[in-house]
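Participant: In the working numbering, the protein residues as written are 1 to 223. One structure, as structure tokens, below. Some questions next.
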């Protein structure tokens, strides 16, 4: 009878040691392994080779479709990226042109085609703070490239974009560079430096802008 508790204890200790994870690759192959470390770019794991010995290997995340931890939790890697979970966003912004007394008020909507590429439309109005009246309006359409790793769980990312539109009495090109942060609930803020170029006037205007907005989650797929 005394052996029974010892055997139960040994069995319970044996289970976590032999717990195994399943790595599913994008080509359809699976690897049975014990994951010991994961970064934003790779997974380190141990597995048995053909001779029954444990070997340690490193696998890049861009080769992995999903990881199932000990047959309990299925983790599709891109699904942890907030730019994957919150693809559609709306924003309101306030900024200033750096060469004159014009305050810019903007609204925008964007959609993340992937965690690194987004399409966006903007509309803005400019108010002369000396005369206290709106003196211009403009619109732009374009896209942004987001610099964070597509498998990153962080809400922080830098970006650079290219936009084309009309306003200021001529066609315009805009090149924004900035940083953005998405909070867990979907609230987002961003700060950007934008260079607006007027090809017809051969003149460019830099401006600074702060934006705040909300991102919306993807609806869950029906089983």
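Ideal Cβ positions, reconstructed from N, Cα and C, are used throughout, including at glycine. Just so we're clear, the structure is a prediction, and the values are computed from it rather than from any experiment.
Below 8 Å, how does it come out for the segment 55-63 and the segment 180-188: are there three or more Cβ pairs, yes or no?
Facilitator: Cβ pair count under 8 Å is below three, so no.
Participant: Can you tell me whether residue 163 is buried or exposed, with buried defined as 16 or more other CB within 10 angstroms of its CB?
Facilitator: Locating residue 163 in the chain shown gives position 163, where the first residue counts as 1. The residue is buried, with at least 16 neighbouring Cβ atoms inside 10 Å.
Participant: If we ignore side chains and look at the alpha-carbon of each, how far apart do residue 7 and residue 20 end up?
Facilitator: Position 7 of the chain shown, counting from 1, holds the residue named residue 7. Position 20 of the chain shown, counting from 1, holds the residue named residue 20. Any answer about residue 7 is weak, because its pLDDT of 47 lies below 50 and its placement is not dependable; what the coordinates show is given next. Distance between the alpha carbons of residue 7 and residue 20 is about 22 Å.
Participant: Assuming residue 81 contacts residue 152 (C-beta within less than 8 Å), just tell me the rounded distance between them.
Facilitator: By 1-based counting over the chain shown, the position of residue 81 is 81. By 1-based counting over the chain shown, the position of residue 152 is 152. Contact flag correct, Cβ pair sits at about 6 Å.
Participant: Assuming contact is defined by CB atoms lying nearer than 8 Å, are residue 101 and residue 130 in contact in what I supplied?
Facilitator: On the chain shown, residue 101 is found 101 positions in, with the first residue counted as 1. On the chain shown, residue 130 is found 130 positions in, with the first residue counted as 1. The answer is yes: Cβ separation under 8 Å.
Participant: Determine the DSSP secondary structure at residue 62, reduced to helix, strand or coil.
Facilitator: Stepping through the chain shown from its first residue, residue 62 is reached at position 62. It is helical.
Participant: Put residue 38 into one of helix, strand or coil per three-state DSSP.
Facilitator: As a working note, residue 38 is residue 38 in the chain shown. The answer is strand: DSSP assigns residue 38 an E or B state.
Participant: Given a threshold of 16 other Cβ atoms within 10 Å of its Cβ, counted over all protein chains shown, does residue 119 qualify as buried or as exposed?
Facilitator: Position 119 of the chain shown holds residue 119. Per the 10 Å Cβ criterion, exposed.
Participant: Taking the C-alpha atoms as reference points, what is the distance between residue 15 and residue 33?
Facilitator: Indexing the chain shown from 1 puts residue 15 at position 15. Indexing the chain shown from 1 puts residue 33 at position 33. Bear in mind that the predicted position of residue 15 carries a pLDDT of just 41, short of 50, making it unreliable; the figure below should be weighed with that in mind. Cα to Cα, residue 15 sits roughly 15 Å from residue 33.
Participant: Pull the bridge partners of residue 31 from the DSSP assignment, please.
Facilitator: Walking along the chain shown from the start, residue 31 turns up at place 31. According to DSSP, which records beta bridges pairwise, residue 31 is partnered with 23.
Participant: Are the CB atoms of residue 58 and residue 44 within a distance shorter than 8 Å?
Facilitator: Locating residue 44 in the chain shown gives position 44, where the first residue counts as 1. Locating residue 58 in the chain shown gives position 58, where the first residue counts as 1. In this structure, residue 58 lies closer than 8 Å to residue 44 by Cβ.
Participant: Closest by CA to residue 127, which one among 157, 141, 95?
Facilitator: On the chain shown, residue 127 is found 127 positions in, with the first residue counted as 1. The candidate whose alpha carbon is nearest that of residue 127 is 95.
Participant: Hey, out of 90, 99, 93, 27, whose CA is closest to residue 206's CA?
Facilitator: As a position in the chain shown, residue 206 is number 206, starting the count at 1. For residue 206, the nearest C-alpha among the options comes from 99.
Participant: Hey, how far is the Cα of residue 106 from the Cα of residue 125?
Facilitator: Within the chain shown, residue 106 is the residue found at index 106, counting from 1. Within the chain shown, residue 125 is the residue found at index 125, counting from 1. Their backbone Cα atoms lie some 7 Å apart in a straight line.
Participant: Which word fits residue 176, buried or exposed, when buried means at least 16 other C-beta atoms lie within 10 angstroms of its C-beta?
Facilitator: One-based indexing of the chain shown puts residue 176 at position 176. Residue 176 is buried by the Cβ-count criterion.
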